[in-house]
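Following: one structure in structure tokens, then a few remarks.
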Amino acid sequence: MTDRQGRDGEVAHRRLRDWDAIVVGLGALGSAAAWALARAGARVLGLEQFPLGHRRGASHDHARIIRRSYHTPGYVRLAALAYRAWAELEREAGERLVVVTGGLDLFPAGAAIPPGPYRSSLEAGGVPYRWLDAAEVMGRWPAFRLEPEVGGLWQAEGGIVPAARGTELLQRLAAGHGATLLDQTPVTAIRDLGSSVEVAAAGTTFRAGRLLLCADAWTGGLLGQLGVELPLVVTQEQFSYFRPADPEAFAVGRFPVWIWMDDPSFYGFPVWPGAALKVAQDVGGREVTAATRGFDPDRAASARLAGFLQARLPAAAGAHDHTSTCLYTLTPDRDLVLGPLPGHRRVLVALGAAHGFKFAPLLGRVLADLALHDGTEVDISRFAVDRPALTTPAPQANYLV
Numbered sequence: 551m552t553d554r555q556g557r558d559g560e561v562a563h564r565r566l567r568d569w570d571a572i573v574v575g576l577g578a579l580g581s582a583a584a585w586a587l588a589r590a591g592a593r594v595l596g597l598e599q600f601p602l603g604h605r606r607g608a609s610h611d612h613a614r615i616i617r618r619s620y621h622t623p624g625y626v627r628l629a630a631l632a633y634r635a636w637a638e639l640e641r642e643a644g645e646r647l648v649v650v651t652g653g654l655d656l657f658p659a660g661a662a663i664p665p666g667p668y669r670s671s672l673e674a675g676g677v678p679y680r681w682l683d684a685a686e687v688m689g690r691w692p693a694f695r696l697e698p699e700v701g702g703l704w705q706a707e708g709g710i711v712p713a714a715r716g717t718e719l720l721q722r723l724a725a726g727h728g729a730t731l732l733d734q735t736p737v738t739a740i741r742d743l744g745s746s747v748e749v750a751a752a753g754t755t756f757r758a759g760r761l762l763l764c765a766d767a768w769t770g771g772l773l774g775q776l777g778v779e780l781p782l783v784v785t786q787e788q789f790s791y792f793r794p795a796d797p798e799a800f801a802v803g804r805f806p807v808w809i810w811m812d813d814p815s816f817y818g819f820p821v822w823p824g825a826a827l828k829v830a831q832d833v834g835g836r837e838v839t840a841a842t843r844g845f846d847p848d849r850a851a852s853a854r855l856a857g858f859l860q861a862r863l864p865a866a867a868g869a870h871d872h873t874s875t876c877l878y879t880l881t882p883d884r885d886l887v888l889g890p891l892p893g894h895r896r897v898l899v900a901l902g903a904a905h906g907f908k909f910a911p912l913l914g915r916v917l918a919d920l921a922l923h924d925g926t927e928v929d930i931s932r933f934a935v936d937r938p939a940l941t942t943p944a945p946q947a948n949y950l951v
């Protein structure tokens, strides 16, 4: 779904000062922003350098985890708002998007990601959960093989949201509200003119009142054109699908989404959709750039994942279906980036820090509020572009949250 009408007609007449907002990057966050802006009546132009639905970034594949459990009260509150935003999107779309499976966070003894902040944050937010010992976990889900010291945090509302399908839906709804979305239109230059912003793409210069940069792994290059540098690290990650011998044991309703809260950290899904389940390591890949990344799976990463499954979840390690790659764009503190760019008040930056998909419909609304009203009711102070983790020289990175 791409609006190409504008290439020779409408867009040619709307290139100068005629857009309320230009969104660069139409992955999950950019598509959500285009939807929220267009829904609010704004004149929106979305620009994507690749075909819509491409597999070069972080918004493809079938599934992402959505969860209430997080390590700070602020994120727990944000997750509650995200669930409401997904429900709003479901109402407009007239289809179910959130698949509730329950979520299980597993903490071995001395876990690199300690359980205390998760439990206290859920308690501060009034979110119910259960703490299970290893025997209780294995009693409920016999596929797990755990040492007695492992504890599990069970939260009933955890589940799955669709990645590629959800992003395509946001694009379709944005277009339905009047947004113009152009794919295969790489941005070659951006300029802050003070009273407006200017974007050059595919031989055309566009101007707008606001520019939203939602470009994930390509964010650094775009910010460089404005003289701004952020300490972002891009890694090449991968995820694998396996077909268990007993898929019913891993069916939605019988098996949860889960996260192994240690270093290395792993996560996985029940069988959904089809007959294969998805598993992966979190932040296990090599550092790359958007230009130098590859698409072939890394054998060492595949071996780490296989070893974990054989030790902890052997029944899931069935026939290998396929392995695919993706990109993580990480901030040193693994927090989102969301808000105006210091020194460039008409430019907004949004980055999911490799855990943002679950928040996408909410962040789209926040970006629309910032673009149209210069503020939002959602507390995004933690995610400011000029926070210490992004401005301190040589910041200490911690990606395990």
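When we follow the numbering used here, the leftmost residue of the sequence shown carries the number 551, and every step to the right adds one. Beta carbons: idealized from backbone N, C-alpha and C, even for Gly. These numbers come from a predicted model, not from an experiment.
In the three-state scheme derived from DSSP, where H, G and I count as helix and E and B as strand, threonine 879 is classed as strand. Taking valine 899 as the centre and dropping the five residues before and after it, the same chain places the C-beta of Leu763, Val887, Leu891, Val935 closer than 6 Å to its C-beta, in chain order.
Straight across, the Cα-Cα distance linking arginine 695 with alanine 684 is about 9 Å. Rounded to whole angstroms, the separation of the alpha carbons of glutamine 599 and threonine 839 is 16 Å. Approximately 17 Å separates the beta-carbon atoms of valine 649 and valine 829; this is outside 8 Å, ruling out the contact. Counted as a single uninterrupted DSSP element, the beta strand (DSSP E) harbouring histidine 894 occupies residues 894-901.
For phenylalanine 792, the enclosing beta strand (DSSP E) stretches over residues 783-793. In terms of CA proximity to valine 711, Ala613 leads the group Ala613, Ser670, Ser581. Closest in alpha carbon position to histidine 870, among Arg793, Ala765, Trp585, Gly708, is Arg793. Non-local beta-carbon contacts of glycine 834 in its own chain, meaning distances under 6 Å to residues more than five positions away in sequence, involve Pro814, Ala851 in chain order.
With 16 or more other Cβ atoms from the protein chains shown falling within 10 Å of its own Cβ, leucine 731 counts as buried. Between serine 671 and valine 626, the beta carbon gap of about 5 Å places them in contact (Cβ cut-off 8 Å). The straight-line gap separating the alpha-carbon atoms of glycine 844 and alanine 583 is approximately 29 Å. The beta carbon of alanine 706 is closer than 6 Å to those of Gly652 in its chain, skipping five residues each way along the sequence. With respect to glutamate 686, alanine 659 sits apart: the two C-beta atoms are not nearer than 8 Å. With contacts defined as CB atoms closer than 8 Å, alanine 910 and alanine 799 fail to qualify as a contacting pair. Going by DSSP, tyrosine 668 is part of the alpha helix (DSSP H) stretching over 666-674.
Judged by DSSP in its simplified three-state form, threonine 730 adopts strand. Three or more Cβ pairs closer than 8 Å define a contact, and the region 617-632 falls short of that threshold against the region 750-764. For glutamine 831, the enclosing beta strand (DSSP E) covers residues 827-832.
Using a 10 angstroms sphere on the CB of glycine 726, the tally of other CB atoms stays under 16, which defines it as exposed.
In this structure, alanine 866 sits near leucine 827, with a CB-CB distance shorter than 8 Å. Within the region 745-820, complete beta strand (DSSP E) segments of at least 3 residues are found at 747-751, 754-763, 783-793, 807-810, given in chain order.
For histidine 621 and threonine 754, the gap between their C-alpha atoms comes out near 45 Å. If you check the CB distance, threonine 873 and glutamine 788 come in under 8 Å. When rounded, the separation of the alpha-carbon atoms in glutamate 645 and arginine 715 is 11 Å.
Distance from the CA of alanine 918 to the CA of alanine 661, rounded to the nearest whole angstrom, comes to 39 Å.
Only exposed fits glycine 777, as fewer than 16 other CB atoms lie within 10 angstroms of its CB. Residue burial is scored here from C-beta neighbours: tryptophan 585 has at least 16 other C-beta atoms within 10 angstroms and is therefore classed as buried. Following the DSSP letters along the chain, one finds arginine 605 in no alpha helix (DSSP H), marked with neither H nor E. For the pair leucine 880 and alanine 608, the CB atoms are not nearer than the 8 Å cut-off.
Excluding five sequence positions before and after glutamate 640, the CB atoms of its chain that fall closer than 8 Å to its own CB belong to Arg646, Leu647, Val648, given in chain order. Annotated as proximal: aspartate 885 and arginine 932, with beta-carbon spacing under 8 Å. Put simply, of Leu703, Glu697, Ala643 the residue whose alpha carbon is nearest the alpha carbon of proline 667 is Leu703. For aspartate 733, the closest of Phe657, Pro601, Trp569 by C-alpha to C-alpha distance is Pro601.
The beta-carbon distance between leucine 654 and proline 806, rounded to whole angstroms, is 5 Å. This is short enough to meet the 8 Å contact definition.
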